[in-house]
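The structure appears right after this line, and notes come after that.
Residue numbers (UniProt numbering): 1 to 707.
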């Protein structure tokens, strides 16, 4: 008995000294400590509101820049982190300063601020287009209803989609991984985390200083084309290799040295399978668009190679103002005189590809989540992310609350539509909201698995014009509550996943998003009115001025006119662009054979084909400055293939930290140059012209009609 008792004591002592048991105990203690961290505090709300106001202001100003910029979420997160730590130094009672600004407060305030800045474009497109181009001055109350309801409907939809698009572990949302790694490194006290933060600071400072060159001092670094520098100055050379200006060319084997362009699609976190699909798409796009133009597909051989405008048969800008009555309906006499408009071949093929991509993403979302959907219907246990299991112990934002939010938001949308005389029937608005729910599923799945955004507006504009033709303003409303709402839903899904990774309660995440949305709507509207009143003449000019441009609103208006006025005459059965709506049907069916290959022959290369990603990349490959495509793929494969396979330790410790530093530092440089030198604060300081800042022509020295 005594011996047994002694052995028992020794075993207990050995158990206490066992490193594995100690490690488990430390992990449990650490987890309990993290679980008790305060989230919604006076300090975190104040930080969130301050950065929300700043982020929303910047985002709204950026919409009206000659090149549309965006406030990066990593910049917002760094601003919240810095501001929070600054406020933590202010002494005060415990309800104000309960200790260091913790990781959960930082995440909460950043989610709030990101929600405020993300709604800038979706809030203003329709209101701005009507105010600027139809001389309909925005009413304060109605405008707030439109801006709030279009975003909150998306929030309600995303809440209902959580079991499919947030909880499962396969929904990774690659674009949030740099933020997760950065937050954890910033608040960890291990030797490895200190090395990560040191690396982050050096990379952040280095890229921030370097980016002043391509952004301001040496813009030729944005697009370096050996082919345009050595080959004859011909338009065909520019169409293939050029990529330094919008619509110049396809940017084939052009090399950008500007992270603003390279990092736009996240090469350091986009999964390897997606990188292979991007490579296939870029090569395919070059062959398809070049062949289409050379062989005069759709009558586009005499039109500009890449153009996003409505064109007449000579390739000149179509006179949209002449064909629209003040109430948004068609001026039939003017249309008969001008004839039907054209699109450039590259743009209309790209639009068809985006329609195909959206439909394919919806089919893929259903097929890939079929088991989860079936388990939800039969109430079986659904596989979830381990982080979700941790979050279950926290206060939840229940499903019924999302249903209430959705119902109230839809009611606000109908009130706004009635008061604003939208021209869209109740059936039309209901259809737009239902379409936004379906697109939220497709877009959310696409974003959650690839880290890339799906451009849904071409699909919604097409459906609005075909289902409810004859009114351009009504099509604007349909697009806002169809596409913009789906975009907000996708962004909320991303923030819900970030909160899940960081072990925040869903209640605190939604509260942060709602506060940020309200602050963002108010700031966006005030800044918009200020710019509209002070820069109206510049916004109405096609070229704008050096500081402001209305091209984003003009593009939105042009698309609404196309679908609202010309929908059935351009896209109906047997018409010039009838293949565009037919691409939806093809998109619904095309992923099925690849899904079957993936299921039964998972090792076959064809099973890795992502139809939605390839088709969507066709559309993206002609958007903006195309010079970054080659470098994006080279860096992506270097990260996701070479470093991940042959330098796994470095990849695990520094890859996402590097991505966060490059994105954050670049955004700081953009803000600095925009406000100090490029008219963001009302003053423009031009840098002297030299070979890296050419006065005329294109920055990559390709052929230009201006030369």
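Cβ coordinates follow ideal geometry from the N, Cα and C atoms, glycine included.
Rounded Cβ spacing between residue i and residue j (contact assumed at less than 8 Å)
i           : j           : result
residue 166 : residue 496 : 5 Å
residue 324 : residue 561 : 6 Å
residue 52  : residue 147 : Residue 52 to residue 147, Cβ: 14 Å. No contact.
residue 528 : residue 60  : 6 Å
residue 567 : residue 469 : 5 Å
Buried versus exposed call for residue i [16 or more other C-beta atoms within 10 Å across all chains shown]
i           : result
residue 89  : exposed
residue 685 : exposed
residue 667 : buried
residue 701 : buried
residue 168 : buried
residue 302 : exposed
residue 696 : exposed
residue 275 : buried
residue 4   : Residue confidence for residue 4 is low, a pLDDT of 41 falling below 50, so the modelled location carries little weight; the figure read from the coordinates is stated next. Under this definition residue 4 is an exposed residue.
residue 127 : buried
residue 230 : exposed
residue 421 : exposed
residue 54  : buried
residue 690 : exposed
residue 360 : buried
residue 371 : exposed
residue 22  : Reliability fails at residue 22, whose pLDDT of 40 lies under 50, so the model's placement of it is uncertain and the value that follows must be treated cautiously. Classification of residue 22: exposed, given that the 10 Å Cβ count is below 16.
residue 650 : exposed
residue 688 : exposed
residue 386 : exposed
residue 417 : buried
residue 652 : exposed
residue 604 : exposed
Residue span of the alpha helix (DSSP H) that contains residue i, given as start and end
i           : result
residue 678 : Neither: residue 678 is in no alpha helix (DSSP H) and is coded neither H nor E.
residue 192 : 191-210
residue 549 : That residue, residue 549, is in no alpha helix (DSSP H); it is neither H nor E in DSSP.
residue 387 : 386-391
residue 585 : 579-589
residue 492 : 485-501
residue 155 : 140-160
residue 517 : 506-534
residue 259 : 259-262
residue 85  : 73-87
Residue i - DSSP class collapsed to helix/strand/coil
i           : result
residue 286 : helix
residue 311 : strand
residue 698 : coil
residue 324 : strand
residue 690 : strand
residue 105 : helix
residue 166 : coil
residue 471 : strand
residue 246 : coil
residue 252 : coil
residue 302 : coil
residue 330 : strand
residue 684 : strand
residue 224 : strand
residue 179 : helix
residue 445 : helix
residue 409 : helix
residue 431 : helix
residue 64  : coil
residue 478 : helix
residue 343 : coil
residue 425 : coil
residue 639 : helix
Exercise. Do the region 447-463 and the region 89-107 meet, that is, are 3 or more Cβ pairs less than 8 Å apart?
Worked result: A contact is defined here as three or more CB-CB pairs under 8 Å, and the region 447-463 fails this definition with respect to the region 89-107.
Problem set entry | Cβ contact check for the region 190-205 and the region 510-518: 3 or more pairs under 8 Å | The answer is no - the region 510-518 does not touch the region 190-205, with fewer than three Cβ pairs under 8 Å.
Exercise. Any chance the region 580-589 sits against the region 344-352, with 3 or more Cβ pairs inside 8 Å?
Worked result: Contact annotation: the region 580-589 touches the region 344-352, with at least three C-beta pairs closer than 8 Å.
Exercise. Touch check for the region 361-376 and the region 330-349: three-plus C-beta pairs under 8 Å?
Worked result: no
Exercise. Is it a yes or a no for the region 127-142 touching the region 392-406, going by three-plus beta-carbon pairs under 8 Å?
Worked result: no
Problem set entry | contact_flag[the region 97-109, the region 33-51] where n(CB pairs < 8 Å) is 3 or more | Short answer: they touch.
Problem set entry | Given 8 Å, three or more beta-carbon pairs between the region 196-216 and the region 228-243 | Output reads no: the region 228-243 does not touch the region 196-216.
For this session: Could you tell me whether the region 432-441 touches the region 156-164, where touching means 3 or more Cβ pairs closer than 8 Å?
Result: yes
Exercise. Okay, do the region 582-594 and the region 608-616 touch, 3+ Cβ pairs below 8 Å being the bar?
Worked result: yes
Exercise. Are three or more beta carbon pairs between the region 635-644 and the region 472-484 nearer than 8 Å?
Worked result: no
For this session: Would you check if the region 214-221 and the region 533-540 touch, i.e. whether three or more CB-CB distances between them fall below 8 Å?
Result: no
Exercise. Are the region 238-252 and the region 274-293 touching by the rule of at least three beta carbon pairs closer than 8 Å?
Worked result: yes
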